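Engineer:
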């Protein structure tokens with residue numbers, strides 16, 4: 097049996113931050129959301145329809161820009177969240193005037209998440225028809241965005257039935273994209289399609305590669321040159337990149353979502369189990385925190401360079417129960433850092449729990465707006481640290497580190513030589529914790545902040561040393 101070798105070259109550092117204790121903010125009231133009543137579950141009888149009239153189709157440009165050019169034009173954007181992707185119980189009404197507000201703030205595109213499979217919007221059985229009334233509602237939003245000189249991304253959001261039963265729902269998924277693509281085929285290249293938001297559950301990475309390819313083929317039948325965004329399985333983050341197969345198509349943009357560290361961005365979020373325990377988590381904008389972001393995107397940057405594949409950050413944001421100072425620091429750093437990498441981005445979101453605009457008061461969260469649009473990159477915060485421990489493998493000893501294999505599916509060994517600690521993994525186990533490298537005897541104090549840092553490398557399939 098061929099062995100998988102994992103080489104870890106470790107230099108451990110443990111620091112205790114001495115300047116201040118975390119501050120737990122007072123609990124903020126969750127922003128209220130307007131509720132759209134459920135008058136009917138029958139397609140064609142939808143409360144979302146309005147008298148939009150027959151909007152004229154814009155002229156198709158004679159020359160279509162490349163994916164890289166379009167991604168550069170996307171620039172800074174924002175999600176119109178909790179609107180067309182929401183259930184009727186928590187849906188906020190769409191206000192066309194928001195698109196002018198967004199453009200006036202300096203944003204250059206919007207991402208419009210849409211739940212197409214809702215019972216009042218499309219048929220659940222063949223021929224899976226999307227109601228003409230709902231298509232007109234979305235068309236009106238697209239037309240208004242283009243009128244405001246905004247690019248707009250239409251996506252397919254949630255689709256819970258597809259996530260739970262991919263095989264049974266595939267025909268519906270492809271039919272919906274056939275209808276959407278055909279309806280908007282005459283629109284200019286400032287309209288983009290995103291195939292599916294955050295594939296997960298039973299829509300595994302392997303299945304997603306097939307469904308992605310099939311949906312792209314359906315779109316190309318009516319939109320041969322339109323720019324299409326593709327994301328990763330396993331919830332759309334950077335962790336899904338290794339399993340993603342990129343179709344051979346020059347008009348693709350890779351879209352990724354970023355909410356790290358999750359305990360900061362989702363503290364106090366009612367839909368995230370156990371998140372109240374995270375309240376008070378801060379983001380200080382230290383060099384260590386910045387390095388964690390940079391490390392998270394190393395694989396994406398490598399892939400982008402190798403494939404000449406532009407990158408769009410389709411979602412990033414910190415929930416309103418985090419302290420505002422930390423939200424501003426996190427948002428500002430990410431927005432500026434994404435731009436340094438030539439990523440386009442869309443903040444999550446406009447006017448709900450993560451939002452920058454309060455539709456009830458008509459007021460902006462000015463500091464977040466500035467963090468997204470005008471603030472320059474700040475210098476990293478430098479707290480005072482006391483160095484508590486640095487590893488020393490020079491004498492050939494393990495310096496108190498030991499290795500455990502915690503399941504029959506795991507097998508690994510440890511050795512120390514040349515001032516390096518090497519772990520060789522022959523059976524990786526079924527869970528992350530099945531193999532653990534540990535050290536005891538380090539004492540920590542309640543109320544202090546600690547940082548553990550290490551350097552590690554491992555050969556990839558081409559025997560390149562990946563750090």
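Numbering (the numbering used here), first residue to last: 97 to 563. A virtual CB, placed ideally from N, CA and C, is assigned to each residue, including glycine. As the structure is a computational prediction, the values presented were derived from the model and not from experiment.
Taking DSSP as the reference, what is the three-state secondary structure of residue 545?
Structural biologist: Against the chain shown, residue 545 aligns to sequence position 449. Correct three-state label for residue 545: strand.
Engineer: Taking the beta strand (DSSP E) that residue 521 falls in, what are its first and last residues?
Structural biologist: As a first step, residue 521 is located in the chain shown; it is residue number 425 there, counting from the start. Where residue 521 is concerned, the enclosing beta strand (DSSP E) stretches over 516-524.
Engineer: Find out if the Cβ-Cβ distance for the pair residue 574, residue 425 is shorter than 7 Å.
Structural biologist: Past the boundaries of the shown model lies residue 574; the chain is included only from 97 to 563, so the question cannot be answered.
Engineer: By the three-class DSSP mapping on this structure, what secondary structure does residue 217 have?
Structural biologist: Within the chain shown, numbered from 1, the residue matching residue 217 stands at position 121. Three-state result, residue 217: coil.
Engineer: Which residue comes first and which comes last in the beta strand (DSSP E) that contains residue 510?
Structural biologist: If you number the chain shown from 1, residue 510 lands on position 414. First-last of the beta strand (DSSP E) with residue 510: 506-513.
Engineer: In whole angstroms, give me the CA-to-CA distance for residue 439 and residue 494.
Structural biologist: Translated into the one-based positions of the chain shown, residue 439 becomes position 343. Translated into the one-based positions of the chain shown, residue 494 becomes position 398. So the alpha carbons of these two residues sit roughly 42 Å apart.
Engineer: For the alpha helix (DSSP H) that residue 305 lies in, which residues bound it at each end?
Structural biologist: The residue labelled residue 305 in the question sits at position 209 within the chain shown. Note, residue 305: alpha helix (DSSP H), 301-318.
Engineer: Would you say residue 291 and residue 303 are within 7 Å of each other, going by their C-beta atoms?
Structural biologist: Residue mapping note: residue 291 aligns to position 195 of the chain shown, counting from 1. Residue mapping note: residue 303 aligns to position 207 of the chain shown, counting from 1. For residue 291 and residue 303, no; Cβs fall outside 7 Å.
Engineer: Using the rule of at least 16 other Cβ atoms within 10 Å of the residue's Cβ for burial, across every protein chain shown, is residue 243 buried or exposed?
Structural biologist: Locating residue 243 in the chain shown gives position 147, counting from the first residue. Looking at its Cβ environment, which holds fewer than 16 other Cβ atoms inside 10 Å, residue 243 is exposed.
Engineer: Going along the chain, which unbroken runs of the alpha helix (DSSP H) with 4 or more residues stay wholly within the region 337-376?
Structural biologist: Counting whole runs of 4 or more residues, the region 337-376 contains the alpha helix (DSSP H) stretches 358-361.
Engineer: Quick one: grab the DSSP three-state call for residue 267.
Structural biologist: Here the question's residue 267 lines up with position 171 in the chain shown. Helix, per DSSP.
Engineer: By Cβ distance, which residues of its chain are closer than 6 Å to residue 511, with the 5 residues on each side in sequence left out?
Structural biologist: By one-based count along the chain shown, residue 511 stands at place 415. Closer than 6 Å at the Cβ level, and outside the excluded window around residue 511, lie 518.
Engineer: Across the region 374-388 and the region 329-339, are there enough close Cβ pairs to call them in contact, namely three or more that are closer than 8 Å?
Structural biologist: Touching, no.
Engineer: Return yes when the C-beta of residue 496 is under 6 Å from any heavy atom of the ligand COA, and no when it is not.
Structural biologist: The model on display carries no ligand, and the ligand COA is accordingly not part of it.
Engineer: Can you give me the C-alpha to C-alpha distance between residue 397 and residue 547, rounded to a whole angstrom?
Structural biologist: Residue mapping note: residue 397 aligns to position 301 of the chain shown, counting from 1. Residue mapping note: residue 547 aligns to position 451 of the chain shown, counting from 1. Near 26 Å, if we compare the C-alpha coordinates of residue 547 and residue 397.
Engineer: Helix, strand or coil, according to DSSP, for residue 555 in the structure here?
Structural biologist: In the chain shown, residue 555 corresponds to position 459, counting from 1. Correct three-state label for residue 555: strand.
Engineer: Between residue 350 and residue 405, is the Cβ-Cβ spacing less than 7 Å?
Structural biologist: Residue numbering aside, residue 350 sits at position 254 when the chain shown is read from its first letter. Residue numbering aside, residue 405 sits at position 309 when the chain shown is read from its first letter. Their beta carbons are under 7 Å apart, which means residue 350 touches residue 405 by this criterion.
Engineer: Note down, in chain order, each residue of its chain lying with its Cβ closer than 8 Å to the Cβ of residue 137, except the 5 sequence neighbours on either side.
Structural biologist: Mapped onto the chain shown, residue 137 falls at position 41. Any reading at residue 137 needs caution, since the residue's pLDDT is 38, under 50, leaving its predicted position unreliable; the model's value is listed next. Hits under 8 Å: 215, 216.
Engineer: Quick one: is residue 549 buried, meaning 16 or more other Cβ sit within 10 Å of its Cβ, or exposed?
Structural biologist: Stepping through the chain shown from its first residue, residue 549 is reached at position 453. Exposed, since its Cβ has fewer than 16 Cβ neighbours within 10 Å.
Engineer: Can you look up residue 387 in the DSSP assignment and give me helix, strand or coil?
Structural biologist: Position 291 of the chain shown, counted from the start, is the residue given in the question as residue 387. Looking at residue 387 - three-state DSSP - the assignment turns out to be helix.
Engineer: What residue range does the alpha helix (DSSP H) around residue 486 cover?
Structural biologist: Locating residue 486 in the chain shown gives position 390, where the first residue counts as 1. Run containing residue 486: none in the alpha helix (DSSP H); it sits in the beta strand (DSSP E), 481-486.
Engineer: Quick check on residue 120: does DSSP put it in helix, strand or coil?
Structural biologist: For the purposes of this step, residue 120 is taken as the residue at position 24 of the chain shown. For residue 120, the predicted structure reports a pLDDT of 31, less than 50, and the residue's modelled location is therefore unreliable. A value from the coordinates is still provided. The answer is coil: DSSP assigns residue 120 none of H, G, I, E or B.
Engineer: Give the range of the beta strand (DSSP E) segment to which residue 411 is assigned.
Structural biologist: Along the chain shown, read from residue 1 onward, the residue named residue 411 stands at position 315. Note, residue 411: beta strand (DSSP E), 407-412.
Engineer: For the alpha helix (DSSP H) that contains residue 235, what are its first and last residues?
Structural biologist: Locating residue 235 in the chain shown gives position 139, where the first residue counts as 1. From DSSP, the alpha helix (DSSP H) with residue 235 extends over 228-243.
Engineer: Should the region 156-176 be regarded as contacting the region 204-211, the criterion being three or more beta carbon pairs within less than 8 Å?
Structural biologist: Touching, per the Cβ criterion.
Engineer: Which residues does DSSP pair with residue 424 in a beta bridge?
Structural biologist: Along the chain shown, one-based indexing puts residue 424 at 328. None, per the DSSP bridge assignment.
Engineer: How many Å lie between residue 427 and residue 385 at the Cα?
Structural biologist: Here residue 427 refers to the residue found at position 331 of the chain shown. Here residue 385 refers to the residue found at position 289 of the chain shown. Rounded to whole angstroms, residue 427 to residue 385 spans 13 Å at the Cα level.
Engineer: Inspect the CB distances between the region 450-467 and the region 481-493 and report whether three or more fall short of 8 Å.
Structural biologist: Verdict: no, contact absent.
Engineer: Quickly, what does DSSP pair residue 497 with across the bridge? List them, please.
Structural biologist: Indexing the chain shown from 1 puts residue 497 at position 401. In DSSP, residue 497 forms a bridge with 535.
Engineer: Using the Cβ count rule (16 or more neighbours within 10 Å means buried), how would you classify residue 237?
Structural biologist: In the chain shown, counting from the first residue as 1, residue 237 sits at position 141. With 16 or more other Cβ atoms within 10 Å, it is buried.
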